[in-house]
Amino acid sequence: MSNQKPSFLEEPIFKLRPVLLVLFAVLTAFFAYEASRVKLSTEFEKMVPLQHEFIQNLLKHKDELSLGNDIRIVVEAKNGDIFTDEFLQVLRQVTDEIFYFDGVDKAKIQSLWTPNVRWMEVTEDGFRGGEIIPPTYDGSPESLEKVQANVLRSGQVGRLVADDFQSAIVHVPLLDQSGNNKKLDYKKFSTALEKDIREKFQSDTINIRIVGFAKKIGDLIEGATGVALFFLIAIGITFV
């Protein structure tokens, strides 16, 4: 039999066992309820230092800017360059498809096919310019030559068009909220990009690459879901 004296906490704890058990049960229920309300948040504003002067200036002009929350869809020609009717038609289809995505700032989408991307030059009579791919484009060799000339004088080489002319970008700014006034669901958006853009338009001659904050977050969520599923399977195997 041990002669060791109990600690000064041992006696009061054992005397109050029913009270402490009830207290721990209440705390467990409370924290379980709070844990059930935890939601994964991928809002752009929560990923940046909001107190930094650069970020504050960005937020001040958020109505005129895209807040940096955007994606870029790269349409790449595996063989040759972008100045073929096949490539330009795929680029047009990608531009049209992404236009109807929920959460996209439709007015600010930029592509060789959008009217807000233009070429301009100075002539003897003043300024002259127009759309890079004009409404008269018909896929003929003459039209393709005109598109190439417009690209070269548009200032978009190195921006929407690669320096080697093997790929072109569709720049897609995103809104804070989707069409139903809810926060943009990045996982759903990323899944739609894979299904309706990459799977639909990637082929033996065209490669599709997608980069940007929303795509990265969507991929992270998908990866975390896979890890959680693996964890549950591992736990199940352990206890079976």
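Residue numbers for the sequence shown follow the working numbering, beginning at 380 and rising by one. The C-beta atom is built at its ideal place from N, Cα and C for all residues, glycine as well.
Exposure of residue i, with buried meaning 16 or more beta-carbon neighbours within 10 Å
i	result
G518	exposed
Q535	buried
I512	buried
V469	buried
P514	exposed
I589	buried
E510	buried
H440	exposed
H431	exposed
Y516	buried
V526	buried
N448	buried
Residue j beta carbon less than 9 Å from that of residue i
i	j	result
A571	F478	no
D484	L553	yes
I548	V417	no
E668	N586	This structure cannot settle anything about residue 668, because the visible part of the chain is limited to 380 through 619.
S575	L563	Looking at the sequence shown, residue 575 is not Ser but Asp. Contact: no.
L551	I450	Sequence inspection shows Val at residue 551; the Leu mentioned does not correspond to that position. Yes, they are a contact pair.
G508	E500	yes
Cα-Cα separation, residue i to residue j
i	j	result
L539	L491	8 Å
Y565	G459	34 Å
P391	F403	16 Å
F580	T463	16 Å
T617	A486	54 Å
F506	N529	14 Å
V623	F410	Absent from the structure is residue 623, since the part of the chain shown begins at 380 and ends at 619.
A541	L531	11 Å
L620	P428	One cannot answer for residue 620 here, as it falls past the ends of the chain, which runs 380 to 619.
K595	E601	10 Å
T584	E578	13 Å
A593	S569	7 Å
K425	I434	12 Å
L437	Y412	37 Å
V401	A408	11 Å
Cβ of residue i within 9 Å of any chain C Cβ
i	result
H431	Going by chain labels, chain C is absent from the structure shown, which holds only one protein chain.
Mind listing, in chain order, the continuous alpha helix (DSSP H) runs of no fewer than 4 residues lying wholly within the region 429–487? 432–439 and 464–478
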